[in-house]
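Presented below is the structure to which this report refers.
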Amino acid sequence: MDRTTPLWDVMKTLWECKYFEPISYGELFTYTTDLYKQNLAPFKDLTYAPKYCVQLKKKAESKEVNKNKCKFIPEHVFFADFECSTDGFHKAFNICYDSEDGSVSESIWGQNCATEFLERLPDKSLIYFHNLSYDINFILRHMTEVKGTPIIKGSRTMQITGLYKGRAIIIKDSYSVINKKLKLFPAMFNLQTGPKEVFPYNYYSSVLLANDNRTGVISEACKFVKDIETFMKNIDSIKGCRIDENHFDLEKYSTFYCKQDVRILREGFVKFRNDILKEFDLNVYDYVSICSIANKLFENRVYFPNGNLYDLSNKPREFISRCIQGGRCMLSDNMKQKSKKKLIADFDAVSLYPSAIARLYTLEGIPKVLKDEMLSTEYLMRHLFDDDQKEPIGEKFMSGFFVLIKITEIGIHRHFPLIVW
Numbered sequence: 192m193d194r195t196t197p198l199w200d201v202m203k204t205l206w207e208c209k210y211f212e213p214i215s216y217g218e219l220f221t222y223t224t225d226l227y228k229q230n231l232a233p234f235k236d237l238t239y240a241p242k243y244c245v246q247l248k249k250k251a252e253s254k255e256v257n258k259n260k261c262k263f264i265p266e267h268v269f270f271a272d273f274e275c276s277t278d279g280f281h282k283a284f285n286i287c288y289d290s291e292d293g294s295v296s297e298s299i300w301g302q303n304c305a306t307e308f309l310e311r312l313p314d315k316s317l318i319y320f321h322n323l324s325y326d327i328n329f330i331l332r333h334m335t336e337v338k339g340t341p342i343i344k345g346s347r348t349m350q351i352t353g354l355y356k357g358r359a360i361i362i363k364d365s366y367s368v369i370n371k372k373l374k375l376f377p378a379m380f381n382l383q384t385g386p387k388e389v390f391p392y393n394y395y396s397s398v399l400l401a402n403d404n405r406t407g408v409i410s411e412a413c414k415f416v417k418d419i420e421t422f423m424k425n426i427d428s429i430k431g432c433r434i435d436e437n438h439f440d441l442e443k444y445s446t447f448y449c450k451q452d453v454r455i456l457r458e459g460f461v462k463f464r465n466d467i468l469k470e471f472d473l474n475v476y477d478y479v480s481i482c483s484i485a486n487k488l489f490e491n492r493v494y495f496p497n498g499n500l501y502d503l504s505n506k507p508r509e510f511i512s513r514c515i516q517g518g519r520c521m522l523s524d525n526m527k528q529k530s531k532k533k534l535i536a537d538f539d540a541v542s543l544y545p546s547a548i549a550r551l552y553t554l555e556g557i558p559k560v561l562k563d564e565m566l567s568t569e570y571l572m573r574h575l576f577d578d579d580q581k582e583p584i585g586e587k588f589m590s591g592f593f594v595l596i597k598i599t600e601i602g603i604h605r606h607f608p609l610i611v612w
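So for the sequence shown, my numbering puts the first residue at 192; every next one is plus one.
Right under this line is the structure:
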């Protein structure tokens, strides 16, 4: 009896049962691994060479040197957004883009919109998409070459640099800089919103858009929107959108709202850039994320002026990094909280990092290896700085320490334990 099943039948069954998940182009550049609890080897000796502690100081470099370090300095900045069919494999059918000052505001319709967009880009262009992880899928396959290593964090694609027919292009994710949905931009940056968006996304299917079709049936599209009245008003308000009593122009309707989103992205991002440039003398275009902007600000205002802070590597860095633990996300006693008599408050504190930075301090100098006679709670606490102490005084000469301890007994069982194991 033949008990084998053809591989094609297995694959087909798995596909029909939706066991396959699409892989983004960004994911092709990364290796994914399952990280289990790792038993790190204990340190036998903490002594290290001084070269592994480098003083943080601003290097005096000319603009020419900085230019040579960069792959290229962007000379043109654009903001763009794709509209795509959402049935089956997502396919782009429309892209709208604005130049930095809004003097260029164009749209491209059709299944080849991505390649035509790349054809229009001048050399040394910087393009922003809000959620690049999605939009990059429609561009990356058409690029001639990807230069360097794409910057990808988890599932988020933050930056890709490459060439298209010899022209240099940098594509960045604006969401990595302003981590908010586009619909929140008008309130955040005091922008004009425009007409209410009512868009029949599921109506714009790959079947309807085949052969770059531009004509839609109003009565059919109404089945895919909740606010039919506003949808009808929008068709009439968009110039040239209504073709006749029951037909409308798919391209004009899509382009109107796509352009509106691009305008809001451009105006909000440019305003944010101008504010950062004015307040901190930092150009947002030079950075990948809000974290890299914040780090540069700390370098300019804290690390470099201090003169006694160091970058660590090798043993010092590895040992100290083992003292770092993530935050907590738990219920009291890890038990479900339920009460019929009183309300339960879900307390979620905000701005914990900034408040901690304002209250606490950064350890200065290079780390010194503790001697055996120092390794006792009594010794460490006796010589540790007081809370408000800034300089070593007498016996209080230790500003901080990193030690490996062995917990022999847990005296108090807390609702939110602080011990990590």
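In this text, a Cβ means the ideal position worked out from N, Cα and C, and glycines have one as well. As the structure is a prediction and not an experimental result, all values here were calculated from the model.
Residue i (DSSP reduced to helix, strand or coil)
i: residue 519; result: coil
i: residue 200; result: helix
i: residue 459; result: helix
i: residue 487; result: helix
i: residue 496; result: helix
i: residue 406; result: strand
i: residue 464; result: helix
i: residue 244; result: strand
i: residue 528; result: coil
i: residue 503; result: strand
i: residue 413; result: helix
i: residue 290; result: strand
Residues near residue i in its chain [Cβ-Cβ closer than 7 Å; skip 5 each side]
i: residue 413; result: 419, 422
i: residue 222; result: Here residue 222 scores only 44 on pLDDT, less than 50, and its place in the model should not be relied on; the value that follows carries that caveat. Excluding positions up to five away in sequence, the list is empty.
i: residue 277; result: 392, 393
i: residue 557; result: 244, 501
i: residue 644; result: Outside the modelled stretch of the chain, which goes from 192 to 612, sits residue 644, for which no answer is possible.
Nonlocal neighbours in the same chain, by C-beta distance under 8 Å from residue i, ignoring five residues either side
i: residue 265; result: 315, 316, 317, 361, 476
i: residue 490; result: 247, 249
i: residue 498; result: 246, 248
Same chain, Cβ closer than 6 Å to residue i, five either side skipped, listed in chain order
i: residue 308; result: 286, 299
i: residue 322; result: 366
i: residue 426; result: 432, 433, 439
Test item: CB-CB of residue i and residue j under 8 Å
i: residue 351; j: residue 341; result: yes
i: residue 432; j: residue 440; result: yes
i: residue 550; j: residue 607; result: no
i: residue 453; j: residue 270; result: yes
i: residue 478; j: residue 246; result: no
i: residue 284; j: residue 395; result: yes
i: residue 516; j: residue 611; result: yes
i: residue 384; j: residue 356; result: no
i: residue 364; j: residue 320; result: yes
i: residue 589; j: residue 609; result: no
i: residue 268; j: residue 291; result: yes
Proximity winner among the options, relative to residue i (alpha-carbon distances)
i: residue 544; options: 537, 552, 538; result: 552
i: residue 538; options: 521, 389, 546; result: 521
i: residue 446; options: 275, 546, 312, 206; result: 275
CB contact check: residue i to chain C, cutoff 8 Å
i: residue 365; result: Any reference to chain C falls outside this structure, which holds one protein chain only.
Outcome for residue i when other beta-carbon atoms lying within 10 angstroms are tallied against a minimum of 16
i: residue 210; result: exposed
i: residue 398; result: exposed
i: residue 198; result: exposed
i: residue 346; result: exposed
i: residue 304; result: buried
i: residue 411; result: exposed
i: residue 628; result: Outside the shown range of the chain (192 to 612) lies residue 628, about which nothing can therefore be said.
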